[in-house]
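>
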Amino acid sequence: DRAMVPVAGGDSTAGGCGIEVRVREVLEEKVLPNVQADGGDVIFRGFENGVVWLSMVGACSSCPSSTITLKFMIRNLLIHEIDEVTDVRALGQDENMDARS
């Protein structure tokens, strides 16, 4: 069972994967400033088999545009920046990695 790991200020070696470190860097530099400006936040939950798992929290958790932000902004950016990333999916804030579909 993986604990939620905030992107900013979290342990950048969680999972021991260089790809996870690169994902965190892209999120911190290019995603968080925009999301946090609107009162939201993104929590990196994990990387597995090419899929980045994130939770949208704060204002993002109830925003109808959060799916668009996740799929079109964050997904496209991560796929463009990191060759190993093939998809980005959302996990509810209270869901754990084992409960994902």
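Those letters in the sequence shown? Residues 743 to 843, by the working numbering. Ideal Cβ positions, reconstructed from N, Cα and C, are used throughout, including at glycine.
Report buried or exposed for ILE785, applying the criterion of at least 16 other Cβ atoms within 10 angstroms of its Cβ.
ILE785 comes out buried.
> Cutting at 7 Å between CB atoms, please list the residues of its own chain near LYS772, excluding the five before and the five after it.
Around LYS772: LEU819.
> Looking at C-alpha atoms only, which residue of ASP780, THR809, MET815, VAL827 is the closest neighbour of GLU762?
With distances taken between Cα atoms, GLU762 lies closest to VAL827.
> Can the beta-carbon of ASP783 be found closer than 8 Å to that of GLY760?
Not a contact, by the Cβ cut-off of 8 Å.
> Can ILE824 and ARG764 be called in contact, C-beta distance under 8 Å?
It is a contact, given that the beta carbons lie within the stated cut-off.
> Enumerate in chain order the residues of its own chain whose CB-to-CB distance from MET798 is below 7 Å, with the five nearest sequence positions on each side excluded.
Same-chain partners within the cutoff: GLY782, VAL784, SER808, LEU812, ALA832.
> What is the rounded straight-line gap between the Cα of CYS802 and the Cα of VAL777?
About 8 Å.
> For ARG817, which residues of its own chain have a beta-carbon under 6 Å away from its beta-carbon, when the five flanking residues on both sides are left out?
Counting only Cβ-Cβ distances below 6 Å, and skipping sequence neighbours, we find VAL830.
> If you run the structure through DSSP and keep just helix, strand and coil, what is GLU790?
In the structure shown, GLU790 sits in a strand (DSSP, three-state: E or B).
> Report the three-state DSSP secondary structure of ILE785 (helix, strand or coil).
Correct three-state label for ILE785: strand.
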